[in-house]
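What follows is a set of notes on a single structure, which appears directly below.
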Amino acid sequence: AVLALVAATALPASNLALGPLVQVSGATPFMGCTLDNVSGQSGTAYIGSEVEPWIDVNPANADNMIGVWQQDRWSNGGSRGNVAGVTMNGGASWTIVNGLKTSLCTGGTAANGGDYQRATDPWVTFGPTGIAYQLSLSFNDVAPPFTTFDFDHALLASRSTNGGLTWSDPIRVIRDTAPTVFNDKQTITADPTNPNFVYAAWDRLVFPGSERASVVASFRTSSFSGPFWFARSTNAGATWEPARQIYDPGQRDQTIGNQIVVQPNGTLVNIFIEFNNENAKGRRG
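Okay, so the sequence shown: first residue is 778 according to my numbering, each after it adds one.
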């Protein structure tokens, strides 16, 4: 279960005390969903599991917080959907919101672009005026015989103007269907100095292409790169500019954990981990 600690008092900091644990999540909200055909996918879906939570506080209303997490995690990657927990009373009670529209069981459809079997890497951020934004990685089960369906994945952004209780249809920040690329570990940051700006950052794994390219070969290859990619919205999440590469660490090297923070003067800083897979002792990786 996803739990939240509630602060018993707000100020001053020297007098902060932790209140009781409050249970946020309960039974899976996907119990009646059959759209993702659980029995027909590979791996095991752990029904009732909640993993990888992330939370943010509304700067315009400190009593309003949104937590997001993966619901019903699969053993071989992703979950049946990312869901949100919303509080309007400082964490004393929570409402489960199953409407991010980033997977089939959360309201994703072909019409709104969220018709994926799985979702992962949930992230949420509030802008200075109280608009909330989420960014999900949505994809399909990868199982032979491989088709474009297996490789189809997207980073889907949406926003909420009522504290997380309802969400707009998602916008594809980036989408790929080739077996030689995978966008992963995305984060989203609303600019606290300008309510119009929202930023997304992630690593993009790029594998060598060939006539026999497949996702299995990608998992095993020793020739790849993982540059830092970036996209932004300049109109409070209504649309997103085309994604672009910012930094490439080189072949067999990778970035991960890219996360943007904004300095008070508006300067963006991206902090990340870089893997340098040098092979001096024959132990690449």
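For each residue, glycine too, the CB sits at the ideal point set by N, CA and C. Computed from a predicted structure; not experimentally measured.
- In the DSSP assignment, Asp-980 falls within the beta strand (DSSP E) that extends over 975-983.
- Of all C-beta pairs linking the stretch 801-809 to the stretch 901-920, fewer than three are shorter than 8 Å, placing the two stretches out of contact.
- Using a 10 angstroms sphere on the CB of Phe-926, the tally of other CB atoms stays under 16, which defines it as exposed.
- Residue state for Gly-817 is assigned as helix, using DSSP reduced to three classes.
- Here Ser-852 is exposed, its C-beta having fewer than 16 other C-beta atoms within 10 Å.
- Note on the stretch 990-1049: whole alpha helix (DSSP H) runs with a minimum of 4 residues are 992-997, in chain order.
- The three-state reading of DSSP puts Asp-961 in strand, counting E and B together.
- CA-CA distance, Asp-929 to Phe-984, rounds to 16 Å.
- Secondary structure of Thr-897 (DSSP, three-state): strand.
- With a cutoff of 7 Å on beta-carbon distance, Thr-883 and Gly-867 are scored as not near each other.
- Going by beta carbons, Thr-879 and Leu-793 fall outside the 7 Å limit.
- In the assembly as shown, Met-842 is a buried residue. Its beta-carbon has 16 or more other beta-carbons within 10 Å.
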